[in-house]
Amino acid sequence: MKKILISLAAAGTAIAMVPLFAAFEAHVINVTARIENALEVPVKFLEYGTVFPQEYLLKDVPVQLSRSFLAEDRVDDVEYIIRQKPKCAITWQGPSGWEYDNTVGPDGTHIYTATGHVTLDPVDRPVTDCGPAPRQLDTSKGETWGVLPLLCPYLSKDENTEDGSETNNDGNMPAFHEPYTIVGHQIVWNEVKGRLSKLAQDIADNWVIDLAVPCFGGYCAQDWADFVLDKNPNAGDPNQWVQPIENEHKVFGCDLWIEVGGISLPPTLGCQEELDAMLVLDRSGSIDSTELGVLKNAAKAFVDALVPSADTAHIGEVSFASSASLDVHLTDDGAAVKAAIDLLASSGLTNLQAAIDTAKTELDNPGDGHDRADATSPDYMIIITDGAPTTGGDSAAAAAAAKAAGIKIYVVGVGVTSGTEDFLKNTIATSPDYYFSAADFDDLQTILEGLVSCE
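Here the sequence shown is numbered in the UniProt record's numbering, starting from 1 and rising by one per residue.
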């Protein structure tokens with residue numbers, strides 16, 4: 001018995017030497033975020049008022065990047081869609097026809113309407129659910145809550161603004177279409193897509209929403225078919241767009257849903273601890289002395305923003321006209337690169353192939369004392385040009401070889417034609433996302449400094 005007591009005492013001593021931890025300890029990490037909308041849509045609703053068959057009425061809907069989005073330097077572009085959905089409202093028959101409750105709340109929107117939620121029943125027929133009525137109905141007045149006759153098929157959507165330095169990046173949809181189709185067991189919305197980009201100076205779209213007013217059964221004009229097919233040659237049988245006579249005098253409705261589909265970061269040189277980058281600068285005769293001066297300043301600002309050092313970014317510079325020259329090897333000496341840029345003078349033709357090959361040779365030669373191992377120091381080429389190649393060999397093949405060697409190619413086209421932009425964007429750059437369009441040389445510095453951001 002004594003031995004047992006000693007054993008217990010020894011065990012107790014051993015346990016007492018182990019650190020004890022509080023069973024109810026807690027640590028609090030305070031997590032906060034300010035959530036902002038990427039888009040601003042100033043128009044809250046479109047009122048066409050009383051309309052008549054075969055009228056064609058236009059309303060504008062601006063869609064623009066929000067002030068918060070414009071102020072945030074981490075993000076660049078927004079892709080969005082416009083869908084059409086059924087509208088639910090409280091309606092009643094007044095002395096002069098059907099009416100609906102269009103009371104507006106403090107936020108400028110209708111507070112007694114709702115968007116109908118479309119689902120499929122067990123046999124794939126669409127069903128619209130309006131949910132509960134938003135207020136008590138006045139049954140003595142004959143108020144009802146439900147889906148308004150659908151106006152969506154008669155609305156066209158066309159974006160009519162320039163898209164900054166990009167080619168047209170927005171869709172369109174003519175009137176006389178269904179808001180959705182049933183494919184298999186799913187609803188597929190017929191939607192249009194839009195895109196806004198800070199870097200391309202495309203910060204606002206204006207959508208023109210046109211109402212092509214339908215006629216009612218038995219009262220359509222003889223040129224109804226021409227009216228429909230003129231607005232939409234793919235509308236099919238014009239008779240399918242005729243409204244039943246019982247809908248005459250009623251209020252029609254449709255909700256336009258503008259939904260953000262994606263927010264993109266601009267492709268940049270990233271946050272690598274090491275990288276090797278070659279500036280490839282056009283100095284052909286089409287660039288006058290003033291423009292060349294602006295180009296030099298922008299290129300030197302890029303060097304400063306990159307902050308070259310022995311252990312981080314190395315940068316070199318190639319310039320080209322009728323031929324190409326390696327003006328400075330890859331180096332951590334930013335002052336040397338800027339000095340080489342200052343010596344550039346413009347003349348001659350545009351030999352893009354020679355420029356790409358020269359930069360590739362510098363970037364694809366590890367162990368030469370300039371290029372470092374690609375595994376730790378990825379390679380980049382930043383080409384700035386004001387036009388298409390006018391001499392030299394196959395620049396497309398040169399770009400393909402550089403990309404095959406693992407070099408990412410950025411291209412900035414300055415004031416180029418649409419055909420040249422297409423070539424530079426889709427053939428020379430690593431991908432269209434690696435192409436940047438500058439309206440003139442004054443836009444260069446902003447674009448180049450943006451490439452150096454670290455997200």
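Cβ coordinates follow ideal geometry from the N, Cα and C atoms, glycine included.
On a predicted model such as this, the values are computed, not experimentally measured, just so you know.
Residue i (DSSP reduced to helix, strand or coil)
{"i": "glutamate 99", "result": "strand"}
{"i": "isoleucine 356", "result": "helix"}
{"i": "residue 477", "result": "With the chain covering only 1 through 455, there is no way to say anything about residue 477."}
{"i": "glutamate 274", "result": "coil"}
{"i": "glutamine 243", "result": "strand"}
{"i": "glutamate 362", "result": "helix"}
{"i": "phenylalanine 302", "result": "helix"}
{"i": "tyrosine 434", "result": "helix"}
{"i": "isoleucine 341", "result": "helix"}
{"i": "lysine 250", "result": "coil"}
{"i": "glutamine 84", "result": "strand"}
{"i": "glutamate 79", "result": "strand"}
{"i": "proline 153", "result": "helix"}
{"i": "glutamate 449", "result": "helix"}
{"i": "glutamate 259", "result": "strand"}
{"i": "isoleucine 111", "result": "coil"}
{"i": "alanine 89", "result": "strand"}
{"i": "serine 395", "result": "helix"}
{"i": "alanine 429", "result": "coil"}
{"i": "valine 328", "result": "strand"}
{"i": "threonine 390", "result": "coil"}
{"i": "valine 349", "result": "Note that residue 349 is leucine in the sequence shown, not valine. Looking at leucine 349 - three-state DSSP - the assignment turns out to be coil, as it is neither helix nor strand."}
{"i": "glutamate 317", "result": "strand"}
Euclidean distance between Cα positions of residue i and residue j
{"i": "arginine 67", "j": "valine 411", "result": "28 Å"}
{"i": "glutamate 246", "j": "glutamate 99", "result": "15 Å"}
{"i": "leucine 326", "j": "leucine 269", "result": "22 Å"}
{"i": "lysine 157", "j": "alanine 212", "result": "11 Å"}
{"i": "threonine 430", "j": "threonine 420", "result": "16 Å"}
{"i": "alanine 200", "j": "valine 192", "result": "21 Å"}
{"i": "alanine 175", "j": "valine 43", "result": "21 Å"}
{"i": "glycine 415", "j": "leucine 120", "result": "51 Å"}
{"i": "leucine 330", "j": "glutamate 317", "result": "8 Å"}
{"i": "alanine 10", "j": "valine 28", "result": "In this prediction, alanine 10 has a pLDDT of 35, which is less than 50 and means its spatial position is unreliable; what the coordinates show is noted afterwards. Each residue's Cα considered, the two are about 39 Å apart."}
{"i": "isoleucine 35", "j": "aspartate 311", "result": "37 Å"}
{"i": "valine 51", "j": "aspartate 138", "result": "28 Å"}
{"i": "threonine 376", "j": "glutamate 273", "result": "8 Å"}
{"i": "leucine 70", "j": "glycine 194", "result": "17 Å"}
{"i": "glycine 262", "j": "leucine 196", "result": "11 Å"}
{"i": "glutamate 449", "j": "asparagine 37", "result": "26 Å"}
{"i": "aspartate 371", "j": "glutamate 362", "result": "7 Å"}
{"i": "proline 389", "j": "threonine 358", "result": "15 Å"}
{"i": "aspartate 226", "j": "proline 233", "result": "9 Å"}
{"i": "aspartate 60", "j": "alanine 401", "result": "48 Å"}
{"i": "cysteine 295", "j": "aspartate 394", "result": "Looking at the sequence itself, residue 295 is leucine, so the reference to cysteine does not match. In a straight line, the C-alpha of leucine 295 is about 25 Å away from that of aspartate 394."}
{"i": "valine 147", "j": "leucine 155", "result": "17 Å"}
{"i": "threonine 181", "j": "serine 453", "result": "43 Å"}
{"i": "aspartate 442", "j": "isoleucine 287", "result": "13 Å"}
Own chain partners of residue i with C-beta closer than 7 Å, once the 5 adjacent residues on each side are dropped
{"i": "alanine 133", "result": "Ile90 and Trp145"}
{"i": "isoleucine 399", "result": "Here residue 399 turns out to be alanine, not isoleucine, going by the sequence shown. Excluding residues within five positions, the ones whose Cβ falls inside 7 Å are Ile356, Ile409, Thr427 and Ile428."}
{"i": "serine 319", "result": "Leu281, Arg283, Ser325, Asp327 and Leu344"}
{"i": "serine 347", "result": "Gly285 and Ala321"}
{"i": "lysine 403", "result": "Ile409 and Thr430"}
{"i": "lysine 300", "result": "Lys338 and Ile341"}
{"i": "valine 307", "result": "Ala313"}
{"i": "valine 228", "result": "Phe176, Ala235, Pro238 and Trp241"}
{"i": "glycine 387", "result": "Ser286, Thr350, Val416 and Thr420"}
Exposed unless 16 or more other CB atoms sit within 10 angstroms - verdict on residue i
{"i": "tyrosine 219", "result": "exposed"}
{"i": "proline 153", "result": "buried"}
{"i": "tryptophan 257", "result": "exposed"}
{"i": "serine 96", "result": "exposed"}
{"i": "lysine 141", "result": "exposed"}
{"i": "asparagine 160", "result": "exposed"}
{"i": "glycine 392", "result": "buried"}
{"i": "leucine 451", "result": "buried"}
{"i": "alanine 373", "result": "exposed"}
{"i": "threonine 103", "result": "exposed"}
{"i": "glycine 49", "result": "exposed"}
Contacts around residue i, its chain only, beta-carbon distance under 6 Å, and the 5 residues preceding and following it disregarded
{"i": "threonine 417", "result": "none"}
{"i": "alanine 277", "result": "Ile315 and Tyr380"}
{"i": "alanine 382", "result": "Reading off the sequence shown, one finds isoleucine at residue 382, where the question assumed alanine. Closer than 6 Å at Cβ, skipping near neighbours: Leu279 and Tyr410."}
{"i": "aspartate 255", "result": "Lys85, Lys87 and Thr115"}
{"i": "alanine 405", "result": "Asp364"}
{"i": "glutamine 445", "result": "Ala298 and Ala301"}
{"i": "aspartate 101", "result": "Ile90 and Tyr112"}
Same chain only: Cβ atoms within 8 Å of residue i, ignoring 5 sequence neighbours per side
{"i": "phenylalanine 216", "result": "Pro53, Val242, Gln243, Pro244, Ile245, Asn247 and Glu248"}
{"i": "leucine 57", "result": "Tyr48, Val51, Asp210, Leu211 and Val213"}
Completely contained beta strand (DSSP E) runs for the stretch 23-69, where each covers 3 or more residues | 56-65
Which ranges does the beta strand (DSSP E) cover as unbroken runs of at least 3 residues, wholly within the stretch 160-239, from first to last along the chain?
-> 180-183, 186-189, 192-197 and 204-212
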